[in-house]
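In UniProt numbering, the protein residues as written are 2 to 329. Ideal Cβ placement from N, Cα and C applies to all residues, glycine included. Worksheet for the structure shown next.
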Ligand code: NAI
């Protein structure tokens, strides 16, 4: 029998955690034949709530779930982790300045990066969901010098999935007919969902849509501001769809992209497409054998260039800000 994979989830008692843990335990994160052990990391005040979720996980009698441990400190939480989902973060509260937000999150992601560096398994794969996801991933990565930088990724899969759904609705296509869509840049309102290389049943998506006004004035802002629209409608931020995207991100990373398709992931730049090396930016990536690779050689038109640059500039500003704060 297979050795269970250790999956650490931070923010386990939060709303994404509640939507995420049951799907990990039922085999959706890694595959239907991969046993898992869950390691739940929470702040001390939320450990009791995490214990309640663990009771419910027990009550599902999931055949693949081989154990649940709960921790209130990163050193123990990440010990032996093969996969780490960094969901817990400090949200922006009213009146909070960007510097305060970045500092508060630095206080979370620096020690978590150090703990991953010290104690995670050699094959550790990290997905940062907690916002600001790209910069939090950068902070953690910078404090894990012994872990290859490509093991730290940030989630833009929710944006990717949102864009596929919007494009399917606009064109009447099935979501399964849409391929090669790209989210570029930061997981923020400046992100750029790009359909110029996307395909709908093998035909170019931008040519099929043939409506640049819709692209600029409807599609891009709808995808970029979807998080706010969900909060407005639901009275709470996206949780099940965010958990679903985290599942998709790791599943694709581990099990590979489909031939003729790619996905979007926030990954460390090697300088491709003019994105400064070292920034954790969303790119089109293919995955195979547990490794991702940035899709090369795409032609970037003027419409796309300005939007990619704007989002990447925001990432560079966030990096400079955390540098000034001494967080990296
Ligand atoms: P939540 O507030 O319901 O849960 C967050 C949990 O994290 C809380 O239980 C809290 O106790 C815990 N936590 C805080 N600091 C921690 C630490 N140092 N270690 C371990 N746990 C800690 O928030 P929710 O809705 O679950 O969202 C979590 C994060 O995901 C937020 O930052 C949110 O902005 C982000 N998010 C990112 C998305 C993306 O596409 N990248 C999409 C949706 C949400």
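Check the Cα spacing between residue 121 and each of 7, 291 and 254: the tightest is with 7.
In this structure, DSSP gives residue 75 a helical state, which the three-state scheme calls helix.
Note that the C-beta distance between residue 42 and residue 9 is below 9 Å. When secondary structure is reduced to three states using DSSP, residue 226 falls in the coil class, being assigned neither helix nor strand. Taking all protein chains shown into account, residue 321 has fewer than 16 neighbouring C-beta atoms within 10 Å of its C-beta and is therefore exposed. When the five nearest sequence neighbours on each side are left out, the beta carbons in the same chain lying within less than 7 Å of the beta carbon of residue 225 are those of 190 and 192, in order along the chain. Residue 38 counts as buried, since at least 16 other C-beta atoms from the protein chains shown sit within 10 angstroms of its C-beta.
DSSP links residue 201 through a beta bridge to 179 and 204.
Residue 139 holds the alpha-carbon nearest to the alpha-carbon of residue 317 among 139, 104 and 218. In the structure shown, residue 215 adopts helical secondary structure according to DSSP, grouped into three states. Excluding five sequence positions before and after residue 5, the CB atoms of its chain that fall closer than 6 Å to its own CB belong to 36, 37, 38 and 67, given in chain order. Relative to the ligand NAI, even the nearest heavy atom lies 8 Å or more away from the CB of residue 198. Inside the stretch 144 to 198, DSSP marks whole alpha helix (DSSP H) runs of 4 or more residues at positions 158 to 172, from first to last along the chain.
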